[in-house]
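Structure first, then comments.
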Amino acid sequence: MSRPDETERDVPLGRPFQPPDATDLTRPARRNGHHPDPPAVPGRPLDQWDRRVAQGLAFLRRRLSGDYEIDEFGFDPDLTEAVFHPLLRVLYRDWFRTEVTGLEHVPVDGAGLVVGNHSGTVALDALILSAALHDQHPERRFLRLLGADLVFRMPVVSEVARKSGGTVACNPDAERLLRNGELVGVFPEGFKGIGKLYSDRYKLQRFGRGGFVSAALRTGTPIVPVAIVGAEETYPMLADLKPLARLLKLPYFPVTPTFPWLGPLGLVPLPSKWMIQFCPPIPTAHLTDSADDPLVVFNLADQVRETIQQTLHQLLERRPDPFGP
Numbered sequence: 001m002s003r004p005d006e007t008e009r010d011v012p013l014g015r016p017f018q019p020p021d022a023t024d025l026t027r028p029a030r031r032n033g034h035h036p037d038p039p040a041v042p043g044r045p046l047d048q049w050d051r052r053v054a055q056g057l058a059f060l061r062r063r064l065s066g067d068y069e070i071d072e073f074g075f076d077p078d079l080t081e082a083v084f085h086p087l088l089r090v091l092y093r094d095w096f097r098t099e100v101t102g103l104e105h106v107p108v109d110g111a112g113l114v115v116g117n118h119s120g121t122v123a124l125d126a127l128i129l130s131a132a133l134h135d136q137h138p139e140r141r142f143l144r145l146l147g148a149d150l151v152f153r154m155p156v157v158s159e160v161a162r163k164s165g166g167t168v169a170c171n172p173d174a175e176r177l178l179r180n181g182e183l184v185g186v187f188p189e190g191f192k193g194i195g196k197l198y199s200d201r202y203k204l205q206r207f208g209r210g211g212f213v214s215a216a217l218r219t220g221t222p223i224v225p226v227a228i229v230g231a232e233e234t235y236p237m238l239a240d241l242k243p244l245a246r247l248l249k250l251p252y253f254p255v256t257p258t259f260p261w262l263g264p265l266g267l268v269p270l271p272s273k274w275m276i277q278f279c280p281p282i283p284t285a286h287l288t289d290s291a292d293d294p295l296v297v298f299n300l301a302d303q304v305r306e307t308i309q310q311t312l313h314q315l316l317e318r319r320p321d322p323f324g325p
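Quick note on UniProt numbering: the sequence shown kicks off at 1 and runs consecutively.
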């Protein structure tokens, strides 16, 4: 859809346009088709609540006028930045007190495959990673998450996943995103990672057949390992009721210290301290002819897995108290 001139959009009536403050992470400049926040009045700071109201009205105006874009996968960057990320921001910044390091290893532009460990009973780690990366990356990059088939078979969850940039974890979709220059996020452990018991915390599970490596090799995309500490303590799984899981057609049915004992309150995550560290990228451009070589794929997948595991150990040493400041 066509867009009006940058200086004519989202400017409150009677206020001159000023570019948003790039140093304020809560007010990112327009990049990749999304919209900046309304500018402040010169000489007078815009009240926080006034700014939020102005943002909300500007968002509604864009939705009603159709001044937003949705790509071929169903990704709606305007909705993601205006609705989904602010909700996640409360979690990663205030509830989990997340520290993010190593962002210099994430590509400034062009394709990149971000590979992380998966844990925590509920896949909050993928959502927190995408929001934190977008907010703190200098180019405000969106992370296009690859999810399991189950996610896209659930009516409401599927729609939210698509709108926020997710797609099915299959090689054709991953390769198409990478060839489009997107930043793609994948968690090779899958349900084995998020569904493991608390006694196995921070022990990486098997990475499957290394399909993510094949996608990176075919597109010559660098692989960026990322280690996430903190998710294991949000919903510590003490037991898995397998008969009930089979009855409900779920990969597992968790029993945690708060669920199902406290009912809906058991869904509130514990306020563990989170640390996210991006590791140096692993280049693949010189291995594009080996995408179908099982030995190359296995060795590269094992290298990524070992990098993440070692980084997890280092982060755990820096965070001796799971619920510390």
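Cβ coordinates follow ideal geometry from the N, Cα and C atoms, glycine included.
For Asp240, the residue or residues it bridges with in DSSP: Locating residue 240 in the sequence shown gives position 240, where the first residue counts as 1. Checking the DSSP bridge columns, you'll see Asp240 partnered with Pro254.
Output yes or no for whether 8 Å exceeds the beta carbon distance between Gly120 and Ala231. In the sequence shown, residue 120 corresponds to position 120, counting from 1. In the sequence shown, residue 231 corresponds to position 231, counting from 1. In contact: Gly120 and Ala231 (Cβ atoms closer than 8 Å).
With a threshold of 7 Å on Cβ separation, who are the neighbours of Leu127 within its own chain once the five nearest residues in sequence on each side are excluded? Residue 127 sits at position 127 when you count from the first residue of the sequence shown. Excluding its 5 nearest sequence neighbours in each direction, Leu127 has C-beta neighbours in its own chain below 7 Å: Leu88, listed in chain order.
Inspect the CB distances between the stretch 183 to 195 and the stretch 105 to 116 and report whether three or more fall short of 8 Å. Judged by Cβ distances under 8 Å, the stretch 183 to 195 makes contact with the stretch 105 to 116, as three or more pairs qualify.
With DSSP collapsed to three states, give me the class of Glu139. Working through the sequence shown from its first residue, we reach residue 139 at position 139. Here Glu139 sits in coil by DSSP.
Is Pro86 helix, strand or coil when you go by DSSP? Locating residue 86 in the sequence shown gives position 86, counting from the first residue. Annotated three-state conformation of Pro86 is helix, per DSSP.
Whole-Å CB distance - His118 paired with Gly190, under 8 Å assumed: Position 118 of the sequence shown, counted from the first residue, corresponds to residue 118. Position 190 of the sequence shown, counted from the first residue, corresponds to residue 190. Cβ atoms of His118 and Gly190 come within 8 Å of each other, at about 7 Å.
If distances are taken between C-alpha atoms only, which option among Val224, Arg206, Val229 comes closest to Pro320? Walking along the sequence shown from the start, residue 320 turns up at place 320. Selection Val224, Arg206, Val229 evaluated against Pro320 yields Val229 as nearest (Cα-Cα).
Going by DSSP, what residues sit across from Val186 in a beta bridge? On the sequence shown, position 186 is the one that residue 186 refers to. Bridge partners of Val186: Val115.
Sort out for me which residues DSSP pairs Leu146 with in a bridge. Within the sequence shown, residue 146 is the residue found at index 146, counting from 1. For Leu146, the pairing in a beta bridge is given by DSSP as Thr167.
Our contact map puts Val108 next to Val224 with C-beta atoms below 8 Å; I'd like the distance itself, whole angstroms only. Start at 1 with the first residue of the sequence shown, and residue 108 comes out as number 108. Start at 1 with the first residue of the sequence shown, and residue 224 comes out as number 224. In fact, because the Cβ distance is near 12 Å, the residues do not count as touching under 8 Å.
7 Å CB neighbourhood of Asp292 in its chain, flanking five on each side removed: Here residue 292 corresponds to residue number 292 of the sequence shown, with the count starting at 1. Cβ within range, chain order: n/a, list empty.
What does the alpha-carbon distance come out to for the pair Leu295 and Arg179? Walking along the sequence shown from the start, residue 295 turns up at place 295. Walking along the sequence shown from the start, residue 179 turns up at place 179. Going from the Cα of Leu295 to the Cα of Arg179 covers about 24 Å.
6 Å Cβ shell around Thr80 - same chain, five flanking residues per side excluded: By 1-based counting over the sequence shown, the position of residue 80 is 80. Result list for Thr80: Ser164, in chain order.
Beta-carbon gap between Arg305 and Phe207 smaller than 8 Å: Taking the sequence shown and counting its residues from 1, the one referred to as residue 305 is at position 305. Taking the sequence shown and counting its residues from 1, the one referred to as residue 207 is at position 207. Phe207 sits close to Arg305, with the two beta carbons spaced by under 8 Å.
By a C-beta neighbour count over all protein chains shown, 10 Å radius and 16 as the cutoff for buried, is Ala239 buried or exposed? Here residue 239 is taken as the residue at index 239 of the sequence shown, counted from 1. Residue environment: Ala239 is assigned as exposed (fewer than 16 neighbouring CB atoms within 10 Å of its CB, all protein chains considered).
Residues in its own chain within less than 6 Å of Thr26 by CB, not counting five upstream and five downstream? Residue numbering aside, residue 26 sits at position 26 when the sequence shown is read from its first letter. Below a pLDDT of 50, predicted positions are generally treated as unreliable, and Thr26, at 38, falls in that range; the measurement from the model is reported next regardless. Apart from the 5 residues on each side of it in sequence, Thr26 has no Cβ closer than 6 Å to any other Cβ in its chain.
Does DSSP classify Ile228 as helix, strand or coil? Here residue 228 corresponds to residue number 228 of the sequence shown, with the count starting at 1. Of the three classes helix, strand and coil, the one that applies to Ile228 here is strand, per DSSP.
At what residues does the beta strand (DSSP E) containing Gln277 begin and finish? Walking along the sequence shown from the start, residue 277 turns up at place 277. For Gln277, the uninterrupted beta strand (DSSP E) segment begins and ends at 275 to 278.
Rounded separation between Arg97 and Leu60 - CA only: Numbered from its first residue, the sequence shown carries residue 97 at position 97. Numbered from its first residue, the sequence shown carries residue 60 at position 60. Approximately 31 Å between the Cα atoms of the pair.
Close Cβ partners of Tyr252 (< 6 Å) along its chain, the five nearest in sequence each way excluded: In the sequence shown, residue 252 corresponds to position 252, counting from 1. Correct list, in chain order: Gly195, Asp240, Ala245.
Between the Cα of Gly210 and those of Tyr202, Glu233, Ala169, Lys242, spot the shortest distance and give me the residue it belongs to. Within the sequence shown, numbered from 1, the residue matching residue 210 stands at position 210. Of the listed residues, the one whose Cα sits closest to Gly210 is Ala169.
Look up Thr101 in the DSSP assignment and give the residues it is bridged to. One-based indexing of the sequence shown puts residue 101 at position 101. Note: Thr101 sits in a beta bridge opposite Gln277.
What span of residues does the alpha helix (DSSP H) with Gln310 cover, start to end? On the sequence shown, residue 310 is found 310 positions in, with the first residue counted as 1. Gln310 -> alpha helix (DSSP H) spans 294 to 318.
Backbone secondary structure at Ile194 - three-state DSSP: One-based indexing of the sequence shown puts residue 194 at position 194. Residue state for Ile194 is assigned as helix, using DSSP reduced to three classes.
Does the Cβ of Glu72 have 16 or more other Cβ atoms within 10 Å, making it buried, or fewer, making it exposed? What you label residue 72 is simply residue 72 of the sequence shown in a count that begins at 1. By the neighbour-count criterion, in which 16 or more other beta carbons inside 10 Å mark a residue as buried, Glu72 falls on the exposed side.
List the residues that DSSP assigns as beta-bridge partners of Ile282. Residue mapping note: residue 282 aligns to position 282 of the sequence shown, counting from 1. DSSP, once it has assigned bridges, lists Ile223 as partnering Ile282.
Does DSSP put Ala54 in a helix, a strand or coil? The count along the sequence shown starts at 1 and reaches residue 54 at position 54. Ala54: helix per DSSP, three-state reduction.
Would a C-beta distance cut-off of 8 Å place Arg144 and Leu177 closer than the cut-off? On the sequence shown, position 144 is the one that residue 144 refers to. On the sequence shown, position 177 is the one that residue 177 refers to. Contact flag set, yes.
Residue from Leu248, Thr288, Trp274, Pro236 whose Cα sits closest to the Cα of Gly266: Reading the sequence shown from its first residue, position 266 is the one you call residue 266. Nearest neighbour of Gly266 by Cα position, chosen from Leu248, Thr288, Trp274, Pro236, turns out to be Pro236.
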